[in-house]
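Numbered according to our numbering, the sequence shown spans residues 1 to 348.
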Amino acid sequence: MDTLAPMGYIKVTSVRMQGLLLILLAKQVHLPFIRDIQSTYTRTGLFGYWGNKGGVSVRFSFYGHMLCFLNCHLAAHMNYVLQRMDEFEYILDRQDFDMYNTPQVLDHKVVFCFGDLNFRIADHGMHFLRSSINNGRFNLLWNRDQLTMMKKKEPILQEFEEGPLCFKPTYKFDRFSETYDISGKKRKPAWTDRILWRIKPKATETEDENRLTSSSADDDEHPIKVTQEMYTCDVSYGVSDHKPVIATLNLEMRKNVETPLVTLTVEGHWSADEDATFTYTILENFESSTWDWIGLYKIGFKRASDYSTFAWVKDDEVAEVNTVTNRALSILGRLCTLGITFFQIKPR
1 MDTLAPMGYI
11 KVTSVRMQGL
21 LLILLAKQVH
31 LPFIRDIQST
41 YTRTGLFGYW
51 GNKGGVSVRF
61 SFYGHMLCFL
71 NCHLAAHMNY
81 VLQRMDEFEY
91 ILDRQDFDMY
101 NTPQVLDHKV
111 VFCFGDLNFR
121 IADHGMHFLR
131 SSINNGRFNL
141 LWNRDQLTMM
151 KKKEPILQEF
161 EEGPLCFKPT
171 YKFDRFSETY
181 DISGKKRKPA
191 WTDRILWRIK
201 PKATETEDEN
211 RLTSSSADDD
221 EHPIKVTQEM
231 YTCDVSYGVS
241 DHKPVIATLN
251 LEMRKNVETP
261 LVTLTVEGHW
271 SADEDATFTY
281 TILENFESST
291 WDWIGLYKIG
301 FKRASDYSTF
311 AWVKDDEVAE
321 VNTVTNRALS
331 ILGRLCTLGI
341 TFFQIKPR
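Written out as structure tokens, the structure is:
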């Protein structure tokens, strides 16, 4: 966060299962429009009892569109391709969210799936693999990539998209080097680490009739578009025997929500030498909670818990005037900003 905070990024939430970690960051300008945040995890290691393998996810509403990020670590080794598929489908089936319109991962408008999916390059010998990699002829290996092969057979994978694999296979390297495994095991290089995305397919007429609410007409008129600008790996990273994969994706969509749930307004001029009074208003179709609070943050805060001070909001008052005394709170004028947490207001 010391690197990302000066760039305007704030930690929204995170979920961890043993070594599997997913962190959601966002620019401050987007925070009022990130809502209904939920996370979950699924174990697949040791028959579902151990979390060394499995998936963690974060879902949320972004300007009214439902997005889900899923980080997976699937079964290892060349011959376990079918087990990897079973684990992937198990994760998708078992991950539930307390949302009536998006109870499962694939119900979301856009799903980003990534992680150590552990698919290998089949059939080719070590000499051919390394020769193709050293000469930059990655395309010679694509048709034997297990994930590419399974996409031709598995309908669920056919819904996911991925950019071309125009970078070195990211596994297995000797640590702190750019040399592939030279140990006795001599693991074959493979694109084990992947980044995929899925835009929810257009619903059939039968599915539309069965929906509690349908927005298919609006979705057709203003479809979401995902464009990949970059897909590569960082070979300079040496801490792991994997090289990290990086993708830059553009998400184009219509803003279905453009009004913040809460609006705060400072009355008059606010400086460090005077007390400040501000008012806040809440949209009529949202109810308050006894857990709602208003926080005072310094400019450049890194996460919601970085407030300088806070005040509880009375649940029976929709709008209220509060006085902030800067002498008692050591507020440094414009070095502070008023904000409200983005996860406490709940819809009626």
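C-beta: ideal position from N, C-alpha, C; glycine also.
Here the segment 267–276 does not lie against the segment 232–239, with fewer than 3 beta-carbon pairs under 8 Å apart. Contact between the segment 84–97 and the segment 20–35 is absent: fewer than 3 CB-CB pairs across the two stretches fall below 8 Å. A straight-line Cα-Cα distance of about 24 Å links S132 and L196.
When C-alpha distances from W50 are compared across S61, M17, F60 and T40, the shortest belongs to M17.
Excluding five sequence positions before and after Y231, the CB atoms of its chain that fall closer than 6 Å to its own CB belong to G163 and A247, given in chain order.
Proximity to F176 across D234, A203 and P201 peaks at D234, based on C-alpha coordinates. In this structure, the beta-carbon distance from V58 to L24 falls below 8 Å. The three-state secondary structure of E87, taken from DSSP, is helix. One thing to note: Q158 has its Cβ within 8 Å of the Cβ of K151.
Here the C-alpha atom of V111 lies approximately 28 Å from the C-alpha atom of K172. For T42, the CB contacts under 6 Å within the same chain, skipping 5 residues up- and downstream, are G54, G55, I91, R94 and Q95 in chain order. With fewer than 16 other CB atoms across the displayed protein chains lying within 10 angstroms of its CB, L21 is exposed. T148 and A304 have their alpha carbons spaced roughly 41 Å apart. Here M126 is exposed: its Cβ has fewer than 16 other Cβ atoms, across all protein chains shown, within 10 Å. Listed in chain order, the alpha helix (DSSP H) runs fully inside the segment 130–156 are 139–142 and 146–151, counting runs of at least 4 residues.
In the DSSP annotation of this structure, the continuous segment of the beta strand (DSSP E) that includes N71 starts and ends at H65 to H73. Of the candidates S288, I294 and S289, I294 places its Cα closest to the Cα of T279.
In the three-state DSSP reduction, F97 falls in the coil class, being neither helix nor strand. Where S61 is concerned, the enclosing beta strand (DSSP E) starts and stops at W50 to F62. Contact annotation, R137 with I121: C-beta distance approximately 13 Å; criterion of less than 8 Å not satisfied. Per DSSP, reduced to three states, the secondary structure at S14 is strand. Taking 8 Å as the cut-off, the beta carbon of A26 is found no closer than this to the beta carbon of V15. Shown here, M230 sits in a strand according to DSSP, grouped into three states. Put simply, of T265, S289, A276 and P260 the residue whose alpha carbon is nearest the alpha carbon of V29 is P260. Closest in C-alpha terms to S61, from the list L165, L296, V105 and T227, comes V105. Beta-bridge partners of V245 (DSSP): C233. The C-beta separation of R194 from L117 comes to about 5 Å, placing the pair in contact by the 8 Å criterion. Counting the other Cβ atoms within 10 Å of the Cβ of C166 gives fewer than 16, which makes it exposed.
In this chain, the beta strand (DSSP E) harbouring C113 covers V110 to D116.
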